[in-house]
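Residue numbers (my numbering), protein chains in the order written: chain A, 10 to 486; chain B, 4 to 199.
For every residue, glycine included, the Cβ atom is placed at its ideal position computed from N, Cα and C.
Computed from a predicted structure; not experimentally measured.
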Amino acid sequence: MIIHNITNSLINFIPEVILFTMSMVILLAGTFECLKKYVFHLTVLSVIAASLIGINYLSTDSHLLFNSSLIKNNITEFFKYICYFIFLIQIVISKEYLKQNNLISGEFYSLLIFALLGCFIIISANNLIVLFLGIELSSLSLYSLIALNRSSFLSSEAAIKYFVLSIIASAIILFGFSYLYGISGSINILDITKYANNNEISNLYLFSYVLIFIGVAFKFAVAPFHMWLPDVYEGAPLPITNFIASIPKIAFFVFAFRFLNNNPIIDDENFSKLILFLGMFSIFIGNLFALAQKKIMRMLAYSGVANAGFIFIALFSALENNFSIAAFYVTSYSITTVSAISIITFLSSKKFNLIYINDLKGLASKSGYIAILLMVTLLSTAGIPLTIGFYAKYLVLDALVDRNLILIAVIVVLMTVVGLYYYLRVIWFMFFETGFNSLINTSGKFSIIILSLIPASILLIFLFPDLVFKYIFEILT
Amino acid sequence: MDIITILFYLVTSVIILSSMSLVILNNTVHAALLLVLIFFNSAILWLMLKAEFLAIVLVLVYVGAVLVLFLFVIMLLDIPIKKNISQKLYLLFSVTISIIMFAELYMVIFYHDFVASVPTSANSALEFNNTYEIGLSLFTNYIFSFEITAFILLVAIIAAIAINMTGRQRSLRQDPGKQILENKKSRLKIIKDEDL
């Protein structure tokens, strides 16, 4: 019976099993001189194979795997496929950059796949232990991926900062988990939700949730816990920054969703106020600090802080278990930020590392197409109409107005307008300044085609937002 | 107060005091030895909860393996003991924060009744085999968590080796692997006369 149960679970879990085995194959391939150059191809192949084989095992009803330690349903699969898409774009674009910085090795790609798998486990975990192990798997791989770049002092600094602060956040999450277990007597998240629905919310329950969400806020880099983000963005190699900016955010959104879904705590006055306050503070800090940045990655980091604040406000607005707004925001934000960082990776994949914002000057005169791609993505992060970002921000504000929180909505809009300045400054440098730095890479037809995928979808989804939003709404409610 | 309660308070106060002094102490060797004390006392806590397997594992794995490794690393690194570092500002800040945290925790936890909800083992220690039960549930119900733990350890090993191996060339020794892979084409370039 038990064996049957485990084999049945393994069949449903086959994409991850493939990725686990392939990551070890890649690790081994990296140690042979003759196979070293195929490491990249193996990685792309295994991710594509895992995602294609996963399609065969899609089903509309939800399964509990491995004695209900994992859950598999429409929600997890939707977010996993977005992760596959993002991950593929990241590794394809970053190949030249990694070659230039001497970072291509078996360890690099296998750790990257482990980080992806950690995020997948967070997405599908239904058990506090598995959830924590997923967090640790993804973050341990990410610390070491940053530290692999031994030649750069900034990378070492970023790795240490990320490691120490992230470990503290994990400890806080674990502390919250321990009280949650102590109150409900179960490590199964579905059972915990059942307990919360049947019993009155005690102070201790609230306290454990606060601890867990402080950890989540840290991983999202929401304002009082955002200190690590700019240094990590600046110090980590660009492909790793690309990963940290997008896939863990999706994973931790699902984490938050799993803890808040069907749970009466979302209507608790104190708890929802905490979420709202964190979100507001984050939008405030992120937009103001981004104004002063000269380096493009630090600017994107603070814009990430502001957007994380939006995600928290969207979580706050999830009245009557309607998490679709937050889900839509997370998806749109992570896809756009991947596009922005990928374009920067592409531009600095020759000898020259693009660091300062004014390194971008005159880009339009050299390659107007890439400048337009970057412009579309930046406008989408800012939330200008004709892009998906506008629609996402509009939904959040709409939900706030529905809750009669008009003052907060006005403040959020004002801060977004402030934020527009630093996005437009980049666009100004690209289009209206002269003096192009010839070391910036603008060649590579295949990469440009890959890069234009996301901006094209950003524009398309603005025209037909219902296509995506209806689907997200359907699976989340 | 029965003897178990007295023992509990004794053990926990030793744990709390030694972990506080662990953070404050300047001498790293003393700190590591205090960690040994903490682990032994936590093992006693496990024993009081009738979890003798976990108690033994804690002592064997942490004290026997991990902390000995710690002590080796400390001795190999030979970190000089720094004295008179001014930590007053940090101390003030951290003490304030921890007092606030403690007050909050005390207020929340002290008024909560845990006893009703935490599952307790009904069997007496004599007819209950701890090791057997842990092994059984580890390889059936919690097999997935067990495997993921293995992968986390694998990641740690890969990371530790990869970080130390890449980026630096320490010696000028010859690399046999590269030597074998060299062939005529990579060494010799034949240029025809007319090109010159």
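**Proximity winner among A:L151, A:F96 and A:A317, relative to H235 of chain A (alpha-carbon distances)** = H235 of chain A has its Cα closest to that of A:A317, out of A:L151, A:F96 and A:A317.
**Under 8 Å between C-beta atoms of L40 of chain B and V17 of chain B** = yes
**Message:** Can you look up H72 of chain A in the DSSP assignment and give me helix, strand or coil?
**Reply:** Strand.
**Asked** How is K303 of chain A classed by DSSP in three states: helix, strand or coil?
**Response** Coil, per DSSP.
**Asked** What are the boundary residues of the alpha helix (DSSP H) that includes L25 of chain B?
**Response** I6 to I27
**Asked** V32 of chain B CB to nearest chain A CB: under 8 Å?
**Response** no
**Prompt:** Hey, would you say I102 of chain A sits closer than 8 Å to F261 of chain A, going by beta carbons?
**Reply:** It is not a contact, given that the beta carbons lie outside the stated cut-off.
**Message:** Counting only Cβ pairs nearer than 8 Å, list the residues of chain A close to T15 of chain B.
**Reply:** What T15 of chain B touches in chain A: nothing, since even the nearest Cβ is about 16 Å away.
**Request:** Give the secondary structure of I177 of chain A by DSSP, where H, G and I count as helix, E and B as strand, and everything else as coil.
**Result:** helix
**Prompt:** Is it right to say Q177 of chain B is buried, meaning 16 or more other beta carbons lie within 10 angstroms of its own, or is it exposed?
**Reply:** exposed
**Message:** With distance defined between alpha-carbon atoms, name the residue in A:D200, A:Y106 and A:S161 nearest to N271 of chain A.
**Reply:** Relative to the Cα of N271 of chain A, the nearest Cα in the group A:D200, A:Y106 and A:S161 belongs to A:D200.
**Prompt:** So, is I415 of chain A buried or exposed, given that buried needs 16 or more other C-beta atoms within 10 angstroms?
**Reply:** exposed
**Request:** Round the Cβ separation of I436 of chain A and I366 of chain A to the nearest angstrom and send it over; I've been treating them as touching at under 8 Å.
**Result:** The pair is not a contact, with the Cβ atoms about 11 Å apart (cut-off 8 Å).
**Request:** Could you check what DSSP says for A134 of chain A in three-state terms: helix, strand or coil?
**Result:** Strand.
**Contact set between the segment 130 to 141 of chain A and chain B, restricted to residues whose Cβ is under 8 Å from the partner** = I130, N136, I138 and V139
**Prompt:** Helix, strand or coil: how does DSSP classify L448 of chain A here?
**Reply:** coil
**Message:** According to DSSP, Y365 of chain A sits in a beta bridge with which residue or residues?
**Reply:** A:K304
**Item:** Whole-angstrom distance between G143 of chain A and I130 of chain A, CA atom to CA atom
**Value:** 5 Å
**Message:** Restricting to Cα atoms, I'd like to know which of A:A232, A:T250 and A:I15 is closest to H72 of chain A.
**Reply:** A:I15
**Asked** In whole angstroms, what is the alpha-carbon distance linking I484 of chain A and A315 of chain A?
**Response** 27 Å
**Asked** Which value, in whole angstroms, describes the spacing of the CA atoms of F332 of chain A and E166 of chain A?
**Response** Whole-angstrom Cα-Cα distance: 37 Å.
**Message:** Check this for me: beta carbons of L154 of chain A and A124 of chain A, under 8 Å apart or not?
**Reply:** The Cβ atoms of L154 of chain A and A124 of chain A lie closer than 8 Å to each other.
**Prompt:** Since N136 of chain A and N197 of chain A are thought to touch, with beta carbons under 8 Å apart, how far apart are those beta carbons, to the nearest angstrom?
**Reply:** 6 Å
**Item:** As assigned by DSSP and simplified to three states, the class of L112 of chain A
**Value:** coil
**Given F105 of chain B as reference, the closest of A:L388, A:F216, A:S211 and A:G453 once Cα atoms are compared** = A:F216
**Prompt:** Does the count of Cβ pairs from the segment 228 to 245 of chain A and the segment 58 to 74 of chain A closer than 8 Å reach three?
**Reply:** no
**Item:** Alpha carbon of L247 of chain A to alpha carbon of I192 of chain A, nearest angstrom
**Value:** So the alpha carbons of these two residues sit roughly 43 Å apart.
**Message:** What would DSSP say about I82 of chain B, mapped onto helix, strand or coil?
**Reply:** coil
**Asked** Hey, out of A:I457, A:G127 and A:F162, whose CA is closest to S148 of chain A's CA?
**Response** A:G127
**Item:** Residues of the segment 150 to 168 of chain A with Cβ closer than 7 Å to any Cβ of chain B, in chain order
**Value:** S150, S153, A156, L157, R159 and S160
**Asked** Any residues in the segment 203 to 226 of chain A with a beta carbon nearer than 7 Å to a beta carbon of chain B? Which ones, in chain order?
**Response** Residues passing the 7 Å Cβ filter: S211, N212, L213 and F216.
**Request:** Could you tell me how far apart the beta carbons of S326 of chain A and I334 of chain A are, in whole angstroms, since I believe they sit closer than 8 Å?
**Result:** 6 Å
**Asked** Just checking, does the segment 419 to 429 of chain A make contact with the segment 470 to 480 of chain A on the three C-beta pairs under 8 Å criterion?
**Response** As far as the Cβ criterion goes, the segment 419 to 429 of chain A does not touch the segment 470 to 480 of chain A, which means the pair count is below three.
**Prompt:** What residue from A:D407, A:I420 and A:L309 has the CA that sits closest to R434 of chain A's CA?
**Reply:** A:L309
**Asked** If we cut at 8 Å on Cβ distances, does I176 of chain A have a partner in chain B?
**Response** So, not an interface residue.
**Request:** Tell me, please, whether the segment 129 to 144 of chain B touches the segment 40 to 57 of chain B by the rule of three or more beta-carbon pairs shorter than 8 Å.
**Result:** Because the criterion of three Cβ pairs below 8 Å is met, the segment 129 to 144 of chain B and the segment 40 to 57 of chain B touch.
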